[in-house]
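**Student:**
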Amino acid sequence: MSRTDLITLIDKYLNAETSLEEEYTLKREMMRSDVPEEYHYLKEVFSYFDAEKQHTEIPDFDNPANSASGQARVISFSWIYAAASVVILIGLFVFINKNTNTFDEDTFQSPDIAAENAAQALEYFSYQMKKGTDPTLKNVKELDNLNKYIAIFNQ
Amino acid sequence: MRNIILSTFLILLFITGAKSQSVNDFITKYKDDPSFTVVNISPKMFSLISGLEAEDMDPDLKAALQNITGMKILTKESDGTKYFSEAISSIELNKMEELMSVKEENSNVRIFGKNNGKDALSEVILLTGDKESFVLMQITGAISLQQLSKLSGTLTPPGSN
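These protein sequence lines are chains A and B, in that order.
Each residue of the first sequence is one higher than the one before, counting from 1 in the numbering used here.
Each residue of the second sequence is one higher than the one before, counting from 1001 in the numbering used here.
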């Protein structure tokens, strides 16, 4: 290659205008021993690229793009929807049925105060129950059941 | 595909909408709302109560307390009708027997009970609701309505003081 051609090719390379073939040609020229000294830096660049290329190659890596089968596995969206639905259902079931926030803590620490409040509650219950036995009230239903339980204890 | 998505949503709606709440769930829902008053007296506390020597207590009341093992109460001093309706529709009551239902103008009282198989009630639920107040009360143990009917029957629900 004449020096003029070489300079033209180098200029194209430095302007990123070379084709792959031209790059190979330039590289080949640069690897020769009679490269002008002013272009030694390019020789070092190509040597560096070669060295790094070896480092980035992974041994025993089987690139699927180069494999004979060459067909990517396609997962149907139906299955994705179905799987997502199942996950949502399970999540919702667990969420609804978790009972971490139960109400079991005693309101009163003292048995005396608890007894007083329980007694008050029973009095209130009794008051409401007596409404059901008040003959002056209308719209009273289900008294048979109430009377049945009261009668049991009267026996 | 649309059928799958639609079915999924219907199932979700069914699961979320049809689930009945226990009394505990209902109380838990409102226990952090400061407009409600919540009372829980545990079986452990009732065992301590039964050991008290409360000589000034009415004998009938004392006897009634001896047979109770647990009590949960939720009260609110407003919107009683609204919460009464919500409680009736959402609390699981179908396994209980309705003992009493009184409906007056703007006021409802309903009592439900569960038989313990020995001529007594293992659980009673009282629900009252009117314009001014709502009360949900659950009592567990061996409950005698006859014993309760002997009590004087004062008006104030617990926690409303």
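Ideal Cβ placement from N, Cα and C applies to all residues, glycine included.
The structure displayed is predicted, hence computed values, not measured ones.
From what residue to what residue does the alpha helix (DSSP H) around B/E1104 run?
**Tutor:** B/E1104 -> not in any alpha helix (DSSP H); beta strand (DSSP E) instead, spanning 1097-1104.
**Student:** Buried or exposed for B/Y1083, going by 16 or more other Cβ atoms inside 10 Å?
**Tutor:** buried
**Student:** Round the Cβ separation of A/K12 and A/T18 to the nearest angstrom and send it over; I've been treating them as touching at under 8 Å.
**Tutor:** 5 Å
**Student:** Under 8 Å between C-beta atoms, does B/S947 make it to chain A?
**Tutor:** Lying outside 1001 to 1161, the shown extent of chain B, residue 947 of chain B is not represented and no answer is given.
**Student:** Please confirm if A/L42 has its CB atom under 8 Å from at least one CB of chain B.
**Tutor:** no
**Student:** Suppose the cutoff is 7 Å on Cβ atoms and the five residues either side in sequence are ignored; what does the same chain contact list for B/T1028 look like?
**Tutor:** none
**Student:** Taking all protein chains shown into account, decide if B/K1095 is buried (16 or more other Cβ within 10 angstroms of its Cβ) or exposed.
**Tutor:** exposed
**Student:** What alpha helix (DSSP H) runs, 4 residues minimum, are completely inside the stretch 1047-1116 of chain B?
**Tutor:** 1059-1066, 1080-1090
**Student:** Using a threshold of 8 Å, state whether the C-beta atoms of B/L1099 and B/G1117 are closer than that.
**Tutor:** It is not a contact, given that the beta carbons lie outside the stated cut-off.
**Student:** Hey, quick one: how far does the alpha helix (DSSP H) through B/N1024 stretch, first residue to last?
**Tutor:** Its alpha helix (DSSP H) spans residues 1023-1030.
**Student:** Near A/V35, which residues of its chain fall below 6 Å by C-beta distance, leaving aside the five closest residues on each side in sequence?
**Tutor:** K43
**Student:** Indicate whether the contact test is met: 3 or more Cβ pairs, each with one atom in the stretch 1052-1061 of chain B and one in the stretch 1099-1108 of chain B, closer than 8 Å.
**Tutor:** Touching, no.
**Student:** With a Cβ-Cβ cutoff of 8 Å, do B/M1137 and A/A114 count as a contact?
**Tutor:** Cβ atoms of B/M1137 and A/A114: not closer than 8 Å.
**Student:** Use the C-beta contact count for A/F93: other C-beta atoms within 10 angstroms, 16 or more gives buried, fewer gives exposed.
**Tutor:** Classification for A/F93: exposed.
**Student:** Taking the CB atoms as reference points, tell me whether B/V1039 and A/N117 lie closer together than 8 Å.
**Tutor:** Going by C-beta atoms, B/V1039 is nearer than 8 Å to A/N117.
**Student:** If the cut is a Cβ gap below 7 Å, which residues of chain B does A/A83 touch?
**Tutor:** Result: empty, since nearest Cβ-Cβ is about 11 Å, beyond 7 Å.
**Student:** Could you name the residues of the stretch 14-42 of chain A whose beta carbon sits closer than 7 Å to any beta carbon of chain B, in the order they occur along the chain?
**Tutor:** none
**Student:** Cα-Cα, which of A/S78, A/F108, A/M129 is closest to B/V1109?
**Tutor:** A/M129
**Student:** Considering just the uninterrupted stretch of the beta strand (DSSP E) at A/L26, what are its terminal residues?
**Tutor:** First-last for A/L26: 20-31, but that is the alpha helix (DSSP H), not the beta strand (DSSP E).
**Student:** Helix, strand or coil for B/L1126? Go by DSSP, reduced to three states.
**Tutor:** strand
**Student:** Who pairs with B/F1134 in a beta bridge, going by DSSP?
**Tutor:** B/K1076, B/G1129
**Student:** Quick one: what does DSSP say A/L6 is sitting in, helix, strand or coil?
**Tutor:** helix
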